[in-house]
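For the sequence shown, this note's numbering begins at 1 and goes up steadily by one.
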Amino acid sequence: MTIYNLGSINADYFYAVPHLPAAGETLAATSLGKGLGGKGANMSVAAARAGAHVRHIGAVGPDGGWMVDRLMEYGVDTRAIARLDTPTGHAIINVDAAGENAIVLYPGTNRCITDQQIGLVLSEAAAGGTLMFQNETNGQRYAAETAKSLGMRVICCPAPYETSALEEVISFADLVILNEVEARQHRDATGRPIGEGTNLKVITTLGAKGCVLMDNMTGQVQEFGAPQVTPVDTTGAGDTFAGYIAAGLDRGHSLEQSISLAVRAAALMVTRHGTADVIPDLKDVQDARF
Numbered sequence: 001m002t003i004y005n006l007g008s009i010n011a012d013y014f015y016a017v018p019h020l021p022a023a024g025e026t027l028a029a030t031s032l033g034k035g036l037g038g039k040g041a042n043m044s045v046a047a048a049r050a051g052a053h054v055r056h057i058g059a060v061g062p063d064g065g066w067m068v069d070r071l072m073e074y075g076v077d078t079r080a081i082a083r084l085d086t087p088t089g090h091a092i093i094n095v096d097a098a099g100e101n102a103i104v105l106y107p108g109t110n111r112c113i114t115d116q117q118i119g120l121v122l123s124e125a126a127a128g129g130t131l132m133f134q135n136e137t138n139g140q141r142y143a144a145e146t147a148k149s150l151g152m153r154v155i156c157c158p159a160p161y162e163t164s165a166l167e168e169v170i171s172f173a174d175l176v177i178l179n180e181v182e183a184r185q186h187r188d189a190t191g192r193p194i195g196e197g198t199n200l201k202v203i204t205t206l207g208a209k210g211c212v213l214m215d216n217m218t219g220q221v222q223e224f225g226a227p228q229v230t231p232v233d234t235t236g237a238g239d240t241f242a243g244y245i246a247a248g249l250d251r252g253h254s255l256e257q258s259i260s261l262a263v264r265a266a267a268l269m270v271t272r273h274g275t276a277d278v279i280p281d282l283k284d285v286q287d288a289r290f
């Protein structure tokens, strides 16, 4: 089958800093790097490297041709990426010595995707395929509703977190993947767990501690540990995890099997500096010795 990923495409600018800046503080960076990023692009690359056929739905500006080329090099189908006159999105990423990061996003073309563009692409999709999306673009509700009507699996990764954005699509989702901070934000905003009273499955990632899977239909909770590694950069680890989940499900693996592989991929990812350009492929993950 095919994974259709409605997702952002960014140029990532990495600044190595002694610590993450506080309000009003000016820091001198010790190095600068540039690469392909955006939560959407990261997830597309991860799913492709995990062995899935991925079609990316997105947009770039006149400065984004190299990003589309890079996605193609990594095995992503880029035919549904629009070329617009607006500047491409970018991210300013500060990374400290412990590998923690703080990110500022400029959305650019990521917020210029039309329902018509999404509809034309999904008109080629088949029942049993997968739609995944994040919150760095527009059009999530239209895409989720359309995909659900076609009998597709819908995976929501609600980052950056917005309560209204998640509530708008949750009735169409089969699986939500988010981190513990985002899960806490939802509980604080709504007073209830995500998808309470529905058939939704929710994966909450816990960083070095792995993740928790909640099945709202059965009430079952499963914990998955993560390999112990020394992190150098946590940027893109959650995106790698989500992409590997989608790829595993697309290949017919159970959700539990997909999670077990995804936690290994994320653990390997945090030992590398960068984002989409360093996401491990399936052989890397399977051969890793933790």
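Heads up, the beta-carbon is just placed ideally off N, CA and C, and yes, glycines get one too.
Return the first residue and the last residue of the alpha helix (DSSP H) that residue i is part of.
i, result
"His186", "180–190"
"Gln116", "115–122"
"Gly40", "39–49"
Please state whether DSSP places residue i in a helix, a strand or coil.
i, result
"Thr137", "coil"
"Ala267", "helix"
"Gly132", "Inspection of the sequence shows that residue 132 is occupied by Met rather than by Gly. Strand, per DSSP."
"Arg153", "strand"
"Phe241", "helix"
"Ser260", "helix"
"Leu32", "strand"
"Thr109", "helix"
"Glu145", "helix"
"Arg70", "helix"
Inspect the beta-carbon positions of residue i and residue j and report whether they are closer than 8 Å.
i, j, result
"Ile259", "Cys211", "yes"
"Asn291", "Gly33", "Residue numbering for the chain in the displayed model covers 1 to 290; residue 291 lies beyond these limits and cannot be assessed."
"Thr240", "Ala91", "no"
"Asp250", "Ala52", "yes"
"Gly75", "Arg55", "no"
"Thr2", "Gly129", "yes"
"Ile113", "Thr235", "no"
"Ile155", "Asp174", "yes"
What does DSSP give as the partner residue(s) for residue i in the beta ladder?
i, result
"Lys283", "Paired residues: none, contrary to the question."
"Arg55", "Tyr4, Asp77"
"Asp215", "Lys201"
"Leu175", "Ile155, Lys201"
"Arg83", "Val60"
Our contact map puts residue i next to residue j with C-beta atoms below 8 Å; I'd like the distance itself, whole angstroms only.
i, j, result
"Ala262", "Ile245", "5 Å"
"Ile57", "Ile118", "6 Å"
"Ser44", "Leu71", "7 Å"
"Ala159", "Glu182", "6 Å"
"Gly35", "Gly274", "5 Å"
Within 8 Å of any Cβ in chain B, is that where the Cβ of residue i sits?
i, result
"Thr2", "The chain inventory of the structure shown lacks chain B, comprising one protein chain alone."
From which residue to which residue does the beta strand (DSSP E) around residue i run?
i, result
"Leu105", "101–106"
"Val169", "Looking at the DSSP string, Val169 is not in any beta strand (DSSP E); the run it does join, the alpha helix (DSSP H), is 163–169."
"His90", "89–95"
"Glu25", "Neither: Glu25 is in no beta strand (DSSP E) and is coded neither H nor E."
"Val278", "Counting along the chain, Val278 falls outside any beta strand (DSSP E), and DSSP gives it neither H nor E."
"Phe224", "221–224"
"Ala11", "10–16"
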